[in-house]
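Residues -18 to 177 in this note's numbering are what the sequence shown spells out, letter by letter.
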Amino acid sequence: MFTGLVEEVGTVLWIGGTQLRIAAPRIAKEIRAGDSVAVNGCCLTVSAHRGDQLTFDLLGETLDRTNLKTLRPESPVNLERALTADGHIGGHFVQGHIDCTARILALEKSGADHRLEIELPTEFAHYVTSKGSIAINGISFTVAEVLPKSFAVWIIPHTKRHTNLERAQVGDSLNIEFDILAKYIERMLPPHAPPD
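So this is what it looks like as C-alpha cells:
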C-alpha cells in the first residue's frame, strides 16, 4: 500500500527482458531485497540491492499494462516506498495496481500551476468523479474536471518540480490507478442495466 506521495525521482540505468535497474540514491539506503517500491505507481518487489541501485523483476502482464515498457536508460521514474503502520498518509490509499495507461491530451500553464488533461478510456469512466482521488504515475491527485472523453487535474509547482511530470509532454503515456473505494463500491453493488 502506498499514498501517492513521490519520495524520489529515480533514474533508469538499464531495462531489458524482464528486469529493470534504477538508481535511487535517496531511498536505496533504507531498502532491502524483498521490499515493495512503487515505480511510476506500479508496485514492484526489489530483487537485488547494491549501493544506490535497485533491481526489479518484471512480469509480462506488468509490461503489457503499464508504461514501464516505454522506459529507456536515463528515463526518470517516480519512486515511493511502501507505507508503514506508523507512516503518514498525505495523499490517498494507492495499491500500486495499475488499471490502464492513458495519453496526455493537454498540458497548459496557468499562473504558477499547470492543467493536465488526460484521455479517459470509456470502460473506466465510471470510476472518475469530480473531487475524487486518482493516482497518475504514482502521484495522488484530486480530479478537477470530468469531460466526455477525458479528465483534468491541476499540478502545483512543488509536484511538477519533484516528480517526473516535470518532463511530461503531450502524447506521453501515464500509468493510471483509479480510487480503490470506487472499485470496492462497484463490486458490492448489484449489477444494473444501463438506462434506456
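Don't be surprised by glycine CBs; every beta carbon is placed ideally from N, CA and C.
Note that the structure is predicted; figures quoted are calculated from it, not measured.
Return the first residue and the last residue of the alpha helix (DSSP H) that residue i is part of.
| i | result |
| --- | --- |
| G41 | 41 to 46 |
| G12 | It is Ile, not Gly, that sits at residue 12 in the sequence shown. I12 -> no alpha helix (DSSP H), and no H or E assigned at all. |
| P138 | 138 to 142 |
| A163 | 161 to 169 |
If you count every other CB in all the chains shown that lies within 10 Å of the CB of residue i, and 16 or more means buried, which is it?
| i | result |
| --- | --- |
| T43 | buried |
| K189 | Nothing about residue 189 can be reported from this structure: the residues present for the chain run from -18 to 177 only. |
| G22 | buried |
| H73 | buried |
| L39 | buried |
| I136 | buried |
| S1 | A small correction: the amino acid at residue 1 is Leu; Ser does not occupy that position in the sequence shown. Flag for L1 reads buried. |
Tell me where the beta strand (DSSP E) around residue i begins and ends.
| i | result |
| --- | --- |
| A87 | 81 to 91 |
| A125 | Looking at the DSSP string, A125 is not in any beta strand (DSSP E), and its letter there is neither H nor E. |
| S56 | No beta strand (DSSP E) contains S56, which DSSP labels as neither H nor E. |
| V(-10) | -11 to -3 |
| R2 | 0 to 4 |
| R148 | That residue, R148, is in no beta strand (DSSP E); it is neither H nor E in DSSP. |
| D94 | 94 to 100 |
| F105 | From DSSP, F105 is part of no beta strand (DSSP E); its letter is neither H nor E. |
| S114 | 114 to 117 |
| V27 | 23 to 31 |
Below 6 Å CB to CB, which residues in the same chain sit around residue i once its five sequence neighbours on both sides are set aside?
| i | result |
| --- | --- |
| D153 | I85 |
| A19 | F(-17), E61, G77, G119 |
| A106 | none |
Looking only at its chain, what residues have a beta carbon closer than 7 Å to the beta carbon of residue i, apart from the 5 residues adjacent to it on each side?
| i | result |
| --- | --- |
| F132 | I99, L101, V109, V124, E126 |
| E147 | K141 |
| W54 | Looking at the sequence itself, residue 54 is Pro, so the reference to Trp does not match. V(-7), L(-6), W(-5), listed in sequence order. |
| P129 | none |
For residue i, I'd like the list of residues in its chain whose CB is within less than 8 Å of its CB, leaving aside the five on either flank, ordered along the chain.
| i | result |
| --- | --- |
| P138 | A93, D94 |
| K10 | D33 |
Measure how close the beta-carbons of residue i and residue j come, nearest whole angstrom, since I'm counting them as under 8 Å.
| i | j | result |
| --- | --- | --- |
| A5 | G(-9) | 4 Å |
| V151 | A87 | 6 Å |
| I3 | V(-7) | 6 Å |
| N145 | N59 | 5 Å |
| R46 | I(-4) | Wrong, their Cβ atoms sit about 16 Å apart, outside the cutoff. |
| S121 | A63 | Not confirmed; about 15 Å, so no contact. |
Is the stretch 148 to 159 close to the stretch 106 to 124, with three or more CB pairs under 8 Å? yes
Given 8 Å as the limit, is there contact between the stretch 94 to 107 and the stretch 73 to 85, that is, 3 or more CB pairs closer than that? yes
Inter-stretch contact (C-beta, 8 Å, three-pair minimum) for the stretch 58 to 77 and the stretch 103 to 112: no
For the stretch 89 to 98 against the stretch 23 to 41, are there 3 or more C-beta pairs whose distance is under 8 Å? no
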